[in-house]
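S.K.:
2 protein chains.
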Amino acid sequence: MKIHLKNFDILNSTSSSPIKGGSVIVRDNRIENIIPEDIRENSISADRTIQGDGRLLLPGFVNAHSHLGMTIFRGYADDIELDSWLNEWIWPAEENLTPEEVYWASLLGIVEAIHSGTTTIADMYFYMDQTARAIEETGIRGLISYGLIAEELDQAGREELQAGLDLAEDWDGKANGRIRVALSPHAPYTCGSSVLKKVSKMAERKGIPIHTHISETKREVEDSFEEFGVSPVERLESLGVLENEVLAAHCVHINNEDMEILEKNDVVVAHNPSSNMKLSSGAAPINELRNRGVNVLLGTDGPGTNNDLDAFGEMRQAAFLAKLKTNDPTALSAGDTLALATGEPVDQFGLLNLGRIKEGNRADLIGLTRDAPHWTPEYNTVSNLVYSGKVSDVDMMMVDGNMVMEEGNINGIDEEKIINKVNKIGKKYGKIKKEG
Amino acid sequence: MKIHLKNFDILNSTSSSPIKGGSVIVRDNRIENIIPEDIRENSISADRTIQGDGRLLLPGFVNAHSHLGMTIFRGYADDIELDSWLNEWIWPAEENLTPEEVYWASLLGIVEAIHSGTTTIADMYFYMDQTARAIEETGIRGLISYGLIAEELDQAGREELQAGLDLAEDWDGKANGRIRVALSPHAPYTCGSSVLKKVSKMAERKGIPIHTHISETKREVEDSFEEFGVSPVERLESLGVLENEVLAAHCVHINNEDMEILEKNDVVVAHNPSSNMKLSSGAAPINELRNRGVNVLLGTDGPGTNNDLDAFGEMRQAAFLAKLKTNDPTALSAGDTLALATGEPVDQFGLLNLGRIKEGNRADLIGLTRDAPHWTPEYNTVSNLVYSGKVSDVDMMMVDGNMVMEEGNINGIDEEKIINKVNKIGKKYGKIKKEG
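Protein sequences, first through last, are from chains A and G. Going by our numbering, the first residue of the first sequence is number 1, and it counts up by one from there. Going by our numbering, the first residue of the second sequence is number 437, and it counts up by one from there.
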């Protein structure tokens with residue numbers, strides 16, 4: 001299959017202006033060629049030509065940390081202390097979740113993410129086979145994992161580990177390689193040291209990455225120092241976990257030693273600025289991490305704490321929060337922020353080597369119209385994209401060489417049906433909330 | 437003229453759930469009646485019936501601080517230190533601005549603001565008669581003022597003051613009262629004490645409010661202590677300025693004494709979270725101000741420092757920033773944030789007494805669809821509105837009893853023409869930028 005993407009303004013995060021009116025030739029799931037000028041349609045023998053009409057073409061956004069199943073809990077319990085949010089609201093509600101509900105919630109979340117230009121999602125939750133189904137059906141790319149919680153390697157603990165391994169067995173490499181599986185010890189504070197060691201060994205043996213939460217709140221770091229005498233990052237290093245490919249969500253409360261460890265071990269950090277602000281967790285030292293050469297990607301976290309899956313909102317938030325935190329308006333420029341969101345130049349986790357429109361890269365691309373008032377004038381395309389771009393600008397998506405969205409419509413997806421289904425499921429939890 | 441708004445879900449910031457499927461009767465420019473259930477169209481003898489089809493109806497958003505003319509400088513100079521931004525970029529560019537350009541830039545900014553549900557804008561800039569024209573033509577409401585800068589009451593200073601008074605003479609009360617005029621000493625650090633005193637007296641004599649910038653940056657506060665021995669707020673109080681109705685933008689760097697003074701003088705604070713973050717100015721103590729009973733409204737600031745006029749982005753930012761700053765996730769709840777954005781319960785400045793859908797209030801209303809994925813599920817309508825609502829949800833607007841936008845189209849406005857005009861003007865400044 002050969003597709004000719006014709007008359008697009010082609011943008012990478014490395015330059016402020018796009019290549020005007022160029023063509024991209026996609027063969028199967030790879031970018032074969034980039035032609036920096038407009039060419040006649042019949043000069044390329046392609047199976048299909050997509051007319052860009054001057055749309056902006058850029059690498060799809062990577063959402064590096066989410067919990068798609070929690071889309072069912074959007075707005076369920078806001079403006080509440082974290083402890084109460086978990087203990088009184090989310091955990092009791094989660095006990096009622098069924099696999100079918102996680103499927104529909106994941107589907108809704110993915111549809112929302114597609115509209116915001118997200119082509120890859122790193123997702124950790126449970127009933128993840130259902131999320132995998134939703135990823136397969138919608139056509140996006142995913143790094144999925146079962147969030148395992150275990151103090152000991154007793155029977156319950158072994159069952160948790162097995163659930164993670166089963167997911168890898170069933171889904172790693174599926175959907176033409178669009179789905180990869182990670183192992184997810186949920187967090188250092190919810191997993192015992194023997195569990196963390198064992199997970200680490202299994203990940204190494206299977207050659208699959210680890211996706212975990214690290215140092216999201218001040219309290220869990222204080223607890224770690226009290227119980228183990230070291231920070232969560234130091235503890236993970238000493239247990240050998242960081243010898244794997246690790247995607248570490250949050251890293252809000254980390255010190256210089258932690259940053260050195262993250263750098264030394266090539267840990268990739270998933271920064272979730274909106275969720276960290278909404279839960280009053282704090283502001284991760286993203287600028288410092290980047291200056292040290294640590295790879296940072298952008299995540300939304302779950303819709304229970306964000307409350308949406310909007311790559312544009314997250315870019316804006318990341319840039320603004322970095323400028324506030326560092327007291328430096330030059331920190332995390334629009335271009336740097338776009339690099340955070342597209343995954344450039346990450347070349348890890350088997351599937352995240354996207355991030356740039358260049359020959360040989362995977363064809364995960366999005367198209368944006370720029371005819372809304374918020375795009376005018378356009379002195380700097382990247383600036384407009386990051387600081388005033390909106391979900392409503394995205395109307396085209398290709399993932400792995402396949403068209404996922406055209407003219408704002410997601411191929412093969414009945415959005416109304418999904419919305420109705422999730423609204424119906426929401427009624428159940430609305431009732432639980434009232435009675436709870 | 438009597439309009440029947442039929443089958444809307446009616447929402448005020450004071451409750452988390454709307455009145456389902458109700459009617460609002462508007463006579464001339466006021467809300468005459470609210471009927472909390474669906475009624476037959478012919479049971480009301482109205483000149484016109486607007487079908488809500490279950491849309492959400494809420495008070496229009498108030499943008500309490502903006503510089504619409506600067507829409508031409510969206511993305512012109514980002515990720516730059518404030519000093520350099522002003523001295524090397526914005527001020528040299530502003531010297532080239534023509535009245536015609538401010539007209540088109542204002543028009544574009546207003547169109548963008550209307551799409552985001554903004555019915556009232558408090559705007560300070562120059563060539564404000566052009567912004568007034570744009571407000572009149574688009575049908576929204578504005579509190580406009582000429583930002584005067586003067587060290588002394590010499591001839592230049594008197595001319596500055598006269599420009600502000602001329603605007604009031606020409607425009608106050610115009611457009612059926614939709615336009616009100618304030619006097620704007622730009623800031624305590626750009627106006628000498630004699631000028632501030634004189635402006636204050638003129639405002640009192642004319643019975644018009646004052647709109648100014650106060651304590652946006654740490655440096656201007658330090659400079660004030662050094663030069664005058666007091667904070668900018670204390671200085672304004674001592675000069676009598678705060679005896680007027682005052683709308684004070686920013687108030688980022690204020691201490692306890694300042695807050696007491698603002699409270700005592702019923703100063704209304706315009707909070708601009710995005711701009712304050714982007715310029716690394718800081719986070720205003722909004723929660724503390726509100727706890728003291730100070731009225732706080734939400735502003736976007738100009739598109740040069742935001743970079744858009746998006747009420748939804750600003751609500752989300754205000755709530756998230758308050759939670760981060762106070763280290764308390766319960767701070768500035770979704771309902772509180774909506775109150776900030778709709779102006780409730782402000783009853784000042786002649787035109788800002790909107791904010792609530794209730795009998796007798798001005799008919800400044802917006803309608804939102806809720807069929808996008810980000811609205812599902814809907815446990816708490818206010819939560820979804822503030823934390824996941826988007827510009828693209830707004831498709832209806834009424835201001836002063838007149839329909840301004842229907843099904844996403846702004847009445848009597850050729851958006852494409854405006855966008856083309858501003859893009860053309862942008863080319864001039866793009867060239868200045870390159871040569872500069």
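Where is the CB? At the ideal position from N, CA and C, for every residue including glycine. In this text the structure is predicted, and so the values were computed from the model without any measurement.
In terms of residues, what are the limits of the alpha helix (DSSP H) holding Y429 (chain A)?
M.R.: Y429 (chain A) -> alpha helix (DSSP H) spans E415 to E435.
S.K.: Contact criterion: CB-CB distance below 7 Å. Does Y561 (chain G) meet it with respect to chain A?
M.R.: It does not; no Cβ of chain A falls within 7 Å.
S.K.: When burial is assigned at 16 or more other CB atoms within 10 Å of the CB, is Q130 (chain A) buried or exposed?
M.R.: With 16 or more Cβ atoms within 10 Å of its Cβ, Q130 (chain A) is classed as buried.
S.K.: When the Cβ atoms of the stretch 716 to 729 of chain G are set against those of the stretch 682 to 701 of chain G, are three or more pairs found closer than 8 Å?
M.R.: With the cut-off at 8 Å, the stretch 716 to 729 of chain G and the stretch 682 to 701 of chain G touch.
S.K.: Suppose you measure from the CA of T337 (chain A) to the CA of R27 (chain A); what does that come to, to the nearest Å?
M.R.: Cα to Cα, T337 (chain A) sits roughly 29 Å from R27 (chain A).
S.K.: Does the pairing of the stretch 568 to 585 of chain G with the stretch 599 to 607 of chain G give three or more beta-carbon distances under 8 Å?
M.R.: Taking 8 Å as the limit for Cβ pairs, the verdict is that the stretch 599 to 607 of chain G does touch the stretch 568 to 585 of chain G.
S.K.: So is D400 (chain A) in contact with chain G if we call contact Cβ pairs under 7 Å?
M.R.: Chain G, which has no Cβ nearer than 7 Å to the Cβ of D400 (chain A), makes this no.
S.K.: Identify each residue in the stretch 627 to 641 of chain G for which the Cβ-Cβ distance to at least one residue of chain A is less than 7 Å, and report them in chain order.
M.R.: Those residues of the stretch 627 to 641 of chain G that come within reach of chain A (Cβ to Cβ, closer than 7 Å) do not exist; the list is empty.
S.K.: What does the Cβ neighbour count give for D483 (chain G), buried or exposed, with the cut at 16 atoms within 10 Å?
M.R.: So D483 (chain G) counts as exposed.
S.K.: Go ahead and label S200 (chain A) buried or exposed: buried means 16 or more other beta carbons lie within 10 angstroms of its beta carbon, across all protein chains shown.
M.R.: Flag for S200 (chain A) reads buried.
S.K.: Thinking just about the alpha-carbon of each residue, which of A:G54, A:S333, A:I34 and A:E415 is nearest to the one in K20 (chain A)?
M.R.: Among A:G54, A:S333, A:I34 and A:E415, the Cα nearest to that of K20 (chain A) is on A:G54.
S.K.: Could you tell me whether the Cβ atoms of N680 (chain G) and I650 (chain G) are closer together than 7 Å?
M.R.: In this structure, I650 (chain G) does not lie closer than 7 Å to N680 (chain G) by Cβ.
S.K.: At a CB distance below 7 Å, what residues from the stretch 648 to 660 of chain G approach chain A? Give them in sequence order.
M.R.: Against chain A - using a Cβ distance shorter than 7 Å - the stretch 648 to 660 of chain G contributes no residues.
S.K.: Thinking C-alpha only, which one of G:V730, G:E724, G:E693 and G:S710 is nearest D702 (chain G)?
M.R.: Looking at the Cα atoms, G:V730 is the closest of the given residues.
S.K.: Taking only beta-carbon positions, decide if N327 (chain A) is within less than 7 Å of chain G.
M.R.: It does: the Cβ of N327 (chain A) has a partner Cβ on chain G nearer than 7 Å.
S.K.: Does V919 (chain G) come out as helix, strand or coil in the three-state DSSP assignment?
M.R.: It is not possible to answer for residue 919 (chain G), since the shown part of chain G is limited to 437 through 872.
S.K.: Buried or exposed for F312 (chain A), please, with buried defined as at least 16 other CB atoms from any protein chain shown within 10 angstroms of its CB.
M.R.: Counting Cβ neighbours within 10 Å, F312 (chain A) comes out buried, since at least 16 surround it.
S.K.: What does N701 (chain G) touch in chain A if you count any residue whose Cβ is under 9 Å from its own?
M.R.: Here the premise fails: no neighbours, minimum Cβ distance about 29 Å.
S.K.: Does DSSP put T98 (chain A) in a helix, a strand or coil?
M.R.: T98 (chain A) falls in the coil class under three-state DSSP.
S.K.: Considering only the beta carbon of each residue, do S13 (chain A) and T342 (chain A) sit closer than 7 Å?
M.R.: Yes, the Cβ-Cβ distance between S13 (chain A) and T342 (chain A) is below 7 Å.
S.K.: Within its chain, find whatever has a CB closer than 6 Å to the CB of A875 (chain G); leave out the 5 residues flanking it on each side and keep chain order.
M.R.: For residue 875 (chain G) there is no data in the structure shown, the boundaries of chain G being 437 and 872.
S.K.: Are the C-beta atoms of P528 (chain G) and some chain A residue less than 7 Å apart?
M.R.: No, P528 (chain G) lies away from the interface with chain A (no Cβ there is under 7 Å from its Cβ).
S.K.: Mind listing the chain G neighbours of E415 (chain A)? Cutoff is C-beta to C-beta under 8 Å, in chain order.
M.R.: Near E415 (chain A) (Cβ distances below 8 Å), the residues of chain G are P809.
S.K.: Taking the alpha carbon of K700 (chain G) as the point to measure from, which residue in G:H501, G:E673, G:A706 and G:P709 has its own alpha carbon closest?
M.R.: Out of G:H501, G:E673, G:A706 and G:P709, G:E673 has the C-alpha closest to the C-alpha of K700 (chain G).
S.K.: Is the beta carbon of I35 (chain A) less than 7 Å from the beta carbon of S23 (chain A)?
M.R.: Yes. Within cutoff.
S.K.: Does the stretch 519 to 528 of chain G touch the stretch 484 to 503 of chain G, meaning 3 or more C-beta pairs lie closer than 8 Å?
M.R.: In short, these stretches do not touch, since the Cβ pair count stays below three.
S.K.: Look up K218 (chain A) in the DSSP assignment and say whether it is helix, strand or coil.
M.R.: Helix at K218 (chain A).
S.K.: Along the alpha helix (DSSP H) that carries P273 (chain A), what are the first and last residues, could you check?
M.R.: Taken as a continuous stretch (DSSP letters only), the alpha helix (DSSP H) holding P273 (chain A) covers P273 to K278.
S.K.: I'd like the span of the beta strand (DSSP E) that includes L56 (chain A), first residue to last.
M.R.: It spans L56 to P59 - the beta strand (DSSP E) in which L56 (chain A) sits, taken as one unbroken run.
S.K.: Alpha carbon to alpha carbon, what distance is there between K857 (chain G) and W540 (chain G)?
M.R.: So the two alpha carbons sit approximately 7 Å from each other.
S.K.: What does H551 (chain G) touch in chain A if you count any residue whose Cβ is under 9 Å from its own?
M.R.: The contacting residues are A372, P373 and H374.
S.K.: In whole angstroms, give me the CA-to-CA distance for N307 (chain A) and E160 (chain A).
M.R.: Rounded to whole angstroms, N307 (chain A) to E160 (chain A) spans 28 Å at the Cα level.
S.K.: Does any CB atom of chain A fall closer than 7 Å to the CB of P813 (chain G)?
M.R.: Closer than 7 Å to some Cβ of chain A, the Cβ of P813 (chain G) qualifies, so yes.
S.K.: Quick test of the definition: if touching needs 3 or more C-beta pairs under 8 Å, does the stretch 67 to 78 of chain A touch the stretch 95 to 102 of chain A?
M.R.: Result yes; three or more Cβ-Cβ pairs closer than 8 Å.
S.K.: Could you tell me which chain A residues have their CB closer than 7 Å to the CB of Y512 (chain G), listed as they occur along the chain?
M.R.: Correct list: Y379.
S.K.: Check whether the Cβ atoms of A182 (chain A) and I208 (chain A) sit closer than 7 Å, and answer yes or no.
M.R.: Contact: yes.
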